[in-house]
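Residue numbers (my numbering), protein chains in the order written: chain C, 1 to 275; chain Y, 1 to 275; chain A, 1 to 255; chain V, 1 to 255; chain U, 1 to 311.
All residues carry an ideal CB built from backbone N, CA and C; glycine is no exception.
Everything on this sheet refers to the single structure shown next.
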Amino acid sequence: MSDATLSGATAPATAAKPVAFRGGGFAPRPHRWVGFVVFVVLILIAEWGTRAGWISALTLPKPSDVLATFGELYQSGMLFKHLGPSLARLFVGALFGVTVGVSVGVLIGLFSYVRAGAVPLVAALFPIPKIALLPLFVIWFGIGEGSKYALIAFGTFTPTVVATYGAVDNVDRTLIRMGQSFGLSWWSIVRKIVLPGAMPGILSGLRISLAIAIILLVAAEMLGAEYGIGAYILQAGSLYDLERLFAGVVILSVLGVVVSALIGLIERRVLGWRT
Amino acid sequence: MSDATLSGATAPATAAKPVAFRGGGFAPRPHRWVGFVVFVVLILIAEWGTRAGWISALTLPKPSDVLATFGELYQSGMLFKHLGPSLARLFVGALFGVTVGVSVGVLIGLFSYVRAGAVPLVAALFPIPKIALLPLFVIWFGIGEGSKYALIAFGTFTPTVVATYGAVDNVDRTLIRMGQSFGLSWWSIVRKIVLPGAMPGILSGLRISLAIAIILLVAAEMLGAEYGIGAYILQAGSLYDLERLFAGVVILSVLGVVVSALIGLIERRVLGWRT
Amino acid sequence: MDIRLDGISHSYDGVAVMNDITLDIPAGRIVCIVGPSGCGKSTLLRFIGGLERPGQGRISQIGEPPEGCLNPLTYIFQDFALLPWRTVEGNISLVLEDHGIKGARAREIIGDVLARTKLTDFAKALPKQLSGGMKQRVAIARALAVNPAVMLMDEPLSALDSQTRELLMDDLISLWSRQPFTAVYVTHNLNEAVRLGHQIVVLSRRPGRIQEVVTIDKPLDQRQFGDPDLDEKQKYLWQLMRDEARAADAELINV
Amino acid sequence: MDIRLDGISHSYDGVAVMNDITLDIPAGRIVCIVGPSGCGKSTLLRFIGGLERPGQGRISQIGEPPEGCLNPLTYIFQDFALLPWRTVEGNISLVLEDHGIKGARAREIIGDVLARTKLTDFAKALPKQLSGGMKQRVAIARALAVNPAVMLMDEPLSALDSQTRELLMDDLISLWSRQPFTAVYVTHNLNEAVRLGHQIVVLSRRPGRIQEVVTIDKPLDQRQFGDPDLDEKQKYLWQLMRDEARAADAELINV
Amino acid sequence: QGTKIKVGALRFTSHSGSFVAKDRGYFADAGLDVELEFFQAAQPMAVAIASGDIDYAVTAISGGLISLAQKGAIKVIGGALIEEEGIDGQQILASDAAYKAGITDPSKLDGKAYGVTQTGSSFHYVGDKIAQAEGISLAFKPLQKVGAVVGAIKSGQIDAWNIVPHIAKPLAGSGAVHIIGAVQDYLPDYQTTTVFTSADNAANQRDKTEAFLAGFSKGVTDYNSTMIDNAGGEAGVDEMVKLIHQYVYNDRPFEKAKPSIVNGTMRINEGAKLNLASVEDQLAWFKAGGYVDSGVTIEDLVDTSYVEMMS
Ligand SMILES: Nc1ncnc2c1ncn2[C@@H]1O[C@H](COP(=O)(O)OP(=O)(O)OP(=O)(O)O)[C@@H](O)[C@H]1O
Ligand SMILES: Nc1ncnc2c1ncn2[C@@H]1O[C@H](COP(=O)(O)OP(=O)(O)OP(=O)(O)O)[C@@H](O)[C@H]1O
Ligand SMILES: [Mg+2]
Ligand SMILES: [Mg+2]
């Protein structure tokens with residue numbers, strides 16, 4: 001039979017032509033090295049420009065100088081003197097904001113009245129710029145670590161709430177009906193169905209909240225901080241020391257990427273059940 | 001037959017008991033008035049506290065004074081003198097940031113190489129606090145409107161990119177295969193399938209981007225702005241004039257709620273096809 | 001334990017979805033409910049299981065549930081309703097935990113129901129690793145674990161492809177043959193209805209009312225694929241419902 | 001226009017999914033492809049439509065497509081693939097626009113295919129307002145609009161409930177009877193296969209190879225619900241596939 | 001063990017009074033155990049006094065300070081930095097571009113952009129006073145932070161600014177800006193900064209407050225005599241600079257820091273005397289501009305009972 005088919009194909013009484021290909025595309029493929037190359041090329045262009053002079057020293061610092069500044073910072077031990085307090089502030093502030101945010105978000109997700117009361121409040125708090133409130137925060141929480149924690153906590157609170165109640169709303173209702181149909185208690189349903197089901201949404205909200213926390217570090221350290229990456233950047237900015245400014249910004253940027261990678265890791269660990 | 005059933009039920013040789021109800025709950029019901037009541041109660045408590053003195057004048061202004069300040073602001077015509085430039089900055093900056101962001105996001109969504117190059121870059125830009133870059137923005141864009149537009153554009157750019165390429169990734173692949181199977185051109189597929197399909201994701205990204213734009217207004221108006229809500233707030237903060245500070249913050253908050261409502265309106269208009 | 005439905009009527013937001021439904025579900029039998037889309041089958045099943053309350057009428061259980069019954073009225077859902085973050089075992093132990101059954105006793109029950117549904121090798125698998133047919137088997141095992149008096153099944157096979165559906169019908173029949181259970185079985189599929197039902201309740205279009213109750217006396221384990229008697233019944237049912245099904249299908253949905 | 005498949009083999013990431021498939025699809029006939037889950041049916045259909053390229057082998061079209069054919073190889077998808085933001089009309093005009101058909105000519109074609117699928121009253125409806133059955137009718141109308149030489153259908157009815165499926169099978173039969181079309185029809189449902197197929201190609205488990213080709217000579221419009229001849233064929237097919245289906249169902253998915 | 005107090009400071013030479021008093025034990029002699037609390041900007045320092053986080057600080061008079069005083073939170077109790085003829089004080093700077101365009105004198109600034117940190121800041125006061133004296137008008141550009149103003153003037157986006165000498169001189173030295181005048185020509189005896197504390201300290205903690213002023217004054221005396229009157233010769237200056245260097249520019253090596261510290265030398269009032277006239281003038285200016293409530297009085301702002309008022 002395959003013979004017949006073949007001869008049919010080779011002796012076309014009627015024309016046999018292959019089916020035209022028209023698929024493919026619209027499916028991104030990873031090319032890891034490209035991202036790396038882009039970074040290297042951008043840095044090289046900046047280096048070349050600043051050396052050759054067609055990028056003025058006022059516009060951009062020499063990347064090599066930034067690196068040198070970073071080296072100094074590391075060798076003098078100042079890097080960790082700045083990084084330590086910043087990380088502590090990030091950790092405490094975000095921990096507080098996220099904990100309260102998740103709790104409030106879950107309550108909003110579970111209780112209609114809490115939702116009706118809290119959602120408009122959160123919506124009204126969301127667009128308030130935290131730096132505008134700096135003078136108040138000093139009065140409310142003092143100039144010590146308290147106001148820094150409070151600022152970061154406040155900044156992470158609102159996005160966490162929004163992400164959390166969205167996640168609770170998105171928990172598959174059939175799973176909840178299933179729990180009820182098997183006579184599970186309300187508390188069991190919340191603990192064993194609603195919370196794990198809301199985890200993916202909460203974690204992806206965490207990604208945003210922590211990015212915001214890092215951004216707010218600078219604002220927080222406007223409040224009488226001597227050490228900290230934000231304070232370092234602010235000081236560099238006020239002295240118009242571009243090398244140090246960029247070194248600080250790079251540190252924050254790396255911090256952001258690291259935090260995001262960490263959450264990715266947690267997601268892969270905790271959410272391995274997702275398809 | 002129904003007679004027989006009834007008599008069977010009323011004369012229980014074996015016990016007939018109603019099936020126990022165990023459903024309900026986990027379905028939020030709207031109670032619009034609660035949100036309103038919460039606001040009113042909070043404001044009344046603040047008014048009471050500040051009048052009675054157990055909230056010090058340093059901690060919170062009297063809500064009635066804030067209202068009076070707002071009234072003055074309105075009557076003196078200064079409200080619009082401040083609101084006008086701020087809205088213009090928001091509009092131009094966000095328009096620019098969102099336009100470029102959507103374009104870059106779509107390109108990332110469509111081309112693997114663009115994705116590989118641009119995604120790490122955007123991820124690195126995301127956690128950079130915009131206020132840290134203020135001194136640079138002054139050099140790059142001047143202290144006129146340029147730097148304000150640039151700051152807001154830069155702030156809205158990154159979240160828009162992330163939302164957009166996520167939205168493009170989420171466009172139903174079967175719809176794209178369908179387009180290909182009917183011999184639609186690449187450009188037709190992008191225009192008629194990918195872009196409309198990504199609309200919901202882009203619009204919900206817009207919600208976040210615009211909230212960020214409003215938050216950045218204050219940072220933007222740090223740079224030599226005489227008029228503007230952000231400038232008004234900053235000045236009130238430096239003069240420690242809490243009434244004006246709160247009046248300004250309330251304006252921003254209302255602005256945020258209005259923008260969010262506007263997007264909701266657009267969504268209902270444009271995305272009426274969603275189930 | 002029997003179930004009695006007594007003059008059930010209901011409407012959602014002023015739209016009547018069912019009208020005066022009176023029905024007896026005798027112990028040890030499978031009652032199938034068929035009817036066009038939107039006629040209120042799922043709603044009726046929710047009423048029976050106590051997940052929702054009918055606007056009018058009464059649902060009662062007559063007699064006591066059997067010894068050792070943890071959850072008299074137990075559902076099997078169309079989309080399986082397995083917790084994706086728990087293994088097969090974990091999904092079953094979920095419904096035991098709340099009844100205080102843990103440790104050895106739980107292991108024993110789980111082992112037993114997994115064996116009955118031929119899932120012993122899959123105890124540690126996550127739902128995402130299973131095909132649709134296997135997932136529904138897990139859901140059945142979970143239902144068996146609580147030793148229900150009545151099983152409430154809402155189109156349990158309609159998310160499966162038709163070959164898997166055949167396989168699962170065989171499984172259900174053999175489970176019932178070994179130990180008869182009471183079930184209310186909602187389906188669109190007339191073939192399933194004639195294969196599994198002792199009684200088949202035909203509902204009309206929305207608002208659903210009972211149009212006819214068809215009884216099939218042939219024992220379950222003698223019902224074969226392509227059995228002429230059953231084909232006859234199925235043809236009869238289809239002819240009863242065809243026009244209504246077409247009308248229901250052509251309705252515009254008001255969203 | 002005929003289609004010829006010539007020694008098609010393919011593997012994804014080293015996993016062979018089909019093996020040496022050689023097959024002729026003659027014009028004017030419906031060829032059904034059945035086989036257990038994951039045996040490569042959908043992949044094969046993508047190869048035939050040119051959406052993907054096989055690792056080995058050749059697919060050719062023999063002869064010219066008929067006059068006025070805009071898109072010789074046209075799909076009908078399991079999940080309808082309607083653009084939710086376009087009306088019924090708009091979804092059909094989508095596939096005409098790119099061939100430069102607009103205005104009066106487009107309206108004429110759209111009116112014609114809507115009439116053939118009894119959708120005239122629904123021209124302005126959005127997909128979200130339609131039931132599953134109506135959506136698939138729209139997809140069929142869209143396919144008819146481009147006047148295809150061969151229709152490639154990937155489980156077109158398996159997202160529908162079984163009553164709607166019956167209705168649509170009738171519609172397909174009456175469409176074919178009025179004007180025979182060529183089709184490759186992939187399905188899990190042996191009942192559909194024996195009702196619609198002139199030839200039924202049975203594939204083995206992954207890697208899919210042709211196990212048997214069953215021919216049914218009875219004209220489509222004479223095939224009835226519960227026809228004993230067809231039941232016979234269906235039983236035969238099921239017996240061919242049963243064990244493989246069970247094995248395929250019990251496979252763990254490696255995610 | 002003395003009374004514990006917290007003193008706010010910026011890392012500027014103008015805060016040397018506190019540094020010297022602490023380092024040389026003058027605070028301890030006065031029975032105080034002082035902890036220095038450093039700030040990045042003056043404004044939060046005023047708020048921190050109001051919130052009770054710190055007890056005493058030195059800063060310029062700004063709208064915020066007056067506003068907090070009116071709320072009954074803080075009080076000015078003495079003077080610190082002052083413009084004195086013959087000693088380099090605050091300089092008026094012009095950007096390179098503006099200078100090249102012929103602005104070599106403050107009188108030519110009519111219509112030009114003048115940098116300030118905030119509307120209602122001390123820079124704004126000084127700028128406006130210059131404008132009034134020259135009969136010109138200036139466009140004030142609020143840029144929030146000193147760093148931003150530096151950037152703006154370096155790149156020519158604003159035309160002029162006034163700033164303390166230790167920032168002005170290195171900037172001018174680099175050629176990016178030019179000094180076109182001195183503030184003291186327009187505001188002789190301008191009370192640049194003042195000593196202030198919480199209203200509670202001023203009213204109810206008299207002993208503590210007097211002890212602080214005593215210690216602070218001793219520090220000031222040492223500083224003035226060494227740095228301005230050159231009482232200790234070059235060695236004295238070196239020693240003093242070393243002391244200050246612990247707090248100011250401490251991230252630079254001593255050799256690099258020394259010129260900046262020496263450049264920053266300005267007279268600090270002996271005995272924390274206060275030029276009340278200058279303060280009154282400032283208050284009047286803030287009221288006239290509407291930056292503070294028109295009901296504020298000098299009594300709200302200043303507690304004159306602690307130090308001698310200059311005439
Ligand atoms: N919670 C609800 N609120 C409002 N209307 C509802 C609700 N649940 C169901 N309905 C409506 O009640 C009618 C009956 O719904 P039900 O799901 O019981 O039908 P069904 O017979 O199960 O349909 P299907 O065959 O499609 O599963 C439908 O018109 C549905 O839209
Ligand atoms: N793009 C792909 N990349 C990798 N593997 C694929 C891809 N598409 C399909 N496969 C694998 O190839 C095998 C055949 O898939 P295919 O979808 O053709 O099967 P099928 O017969 O249509 O199955 P079903 O009956 O479930 O629709 C499956 O094991 C599937 O996991
Ligand atoms: Mg239903
Ligand atoms: Mg398939």
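List the residues of chain C whose Cβ lies closer than 7 Å to the Cβ of residue i, in chain order.
{"i": "residue 38/U", "result": "226"}
{"i": "residue 94/A", "result": "192"}
Compare the C-beta of residue i against all C-beta atoms of chain Y and say whether one is closer than 7 Å.
{"i": "residue 52/U", "result": "no"}
{"i": "residue 120/U", "result": "yes"}
{"i": "residue 143/U", "result": "yes"}
{"i": "residue 63/C", "result": "no"}
{"i": "residue 53/A", "result": "yes"}
Which chain C residues are close to residue i, counting only those with a beta carbon under 8 Å from its beta carbon?
{"i": "residue 128/A", "result": "273, 274 and 275"}
{"i": "residue 214/Y", "result": "127 and 129"}
{"i": "residue 140/Y", "result": "59"}
{"i": "residue 59/V", "result": "18 and 19"}
Say whether chain C places a C-beta atom closer than 7 Å to the C-beta of residue i.
{"i": "residue 104/Y", "result": "no"}
{"i": "residue 47/U", "result": "yes"}
{"i": "residue 88/A", "result": "no"}
Of all Cβ atoms in chain A, is any one closer than 7 Å to the Cβ of residue i?
{"i": "residue 35/V", "result": "no"}
{"i": "residue 112/C", "result": "no"}
{"i": "residue 94/Y", "result": "no"}
{"i": "residue 12/C", "result": "Because residue 12/C carries a pLDDT of 46, less than 50, the predicted location of this residue cannot be relied on, and no value is offered for it."}
So which residues of chain Y does residue i contact, with C-beta pairs closer than 8 Å?
{"i": "residue 50/A", "result": "19, 20, 21, 22 and 23"}
{"i": "residue 89/C", "result": "Here the premise fails: no neighbours, minimum Cβ distance about 14 Å."}
Determine, using beta carbons only, whether residue i comes closer than 7 Å to chain V.
{"i": "residue 7/C", "result": "Low local confidence applies: a pLDDT of 40 at residue 7/C is under 50, so the model's placement there is unreliable, and no value is given."}
Closer than 8 Å by beta-carbon distance: list the chain U residues that pair up with residue i, in chain order.
{"i": "residue 240/C", "result": "147, 150, 151 and 154"}
Quick one: which chain C residues come within Cβ less than 9 Å of residue i?
{"i": "residue 46/V", "result": "23"}
Residues of chain Y with CB under 9 Å from residue i, in chain order?
{"i": "residue 64/U", "result": "237, 238, 239, 240 and 241"}
{"i": "residue 291/U", "result": "235, 239 and 241"}
Quick one: list the residues of chain E neighbouring residue i, beta-carbon separation under 7 Å, in chain order.
{"i": "residue 17/A", "result": "Of the chains in the structure shown, none is chain E; the protein chains are C, Y, A, V and U."}
What does residue i reach in chain V if we use C-beta pairs closer than 9 Å?
{"i": "residue 30/A", "result": "What residue 30/A touches in chain V: nothing, since even the nearest Cβ is about 18 Å away."}
So, does the CB of residue i fall closer than 7 Å to a CB anywhere in chain U?
{"i": "residue 222/Y", "result": "yes"}
What residues sit near ligand 2, counting only those whose C-beta is closer than 5 Å to one of its heavy atoms, in chain order?
Taking each Cβ in turn, the ones that pass are 12/V, 17/V, 37/V, 38/V, 39/V, 40/V, 41/V, 42/V and 43/V.
Residues of the stretch 184-215 of chain V with a CB closer than 8 Å to any CB of chain Y: list them in chain order, please.
If the cut-off is 8 Å between Cβ atoms, the stretch 184-215 of chain V has nothing near chain Y.
With 8 Å as the limit, tell me which residues of the stretch 62-75 of chain A have their beta carbon closer than that to any beta carbon of chain C; keep them in chain order.
70, 71, 73, 74 and 75
The stretch 157-183 of chain C: positions lying closer than 9 Å to chain A by Cβ
172, 174, 175, 177, 178, 179, 180, 181, 182 and 183
Of all the residues that make up the stretch 194-205 of chain Y, which are near chain C by a beta-carbon distance shorter than 7 Å?
none
Residues of the stretch 161-174 of chain V with a CB closer than 8 Å to any CB of chain A: list them in chain order, please.
161, 162, 163, 164, 166 and 167
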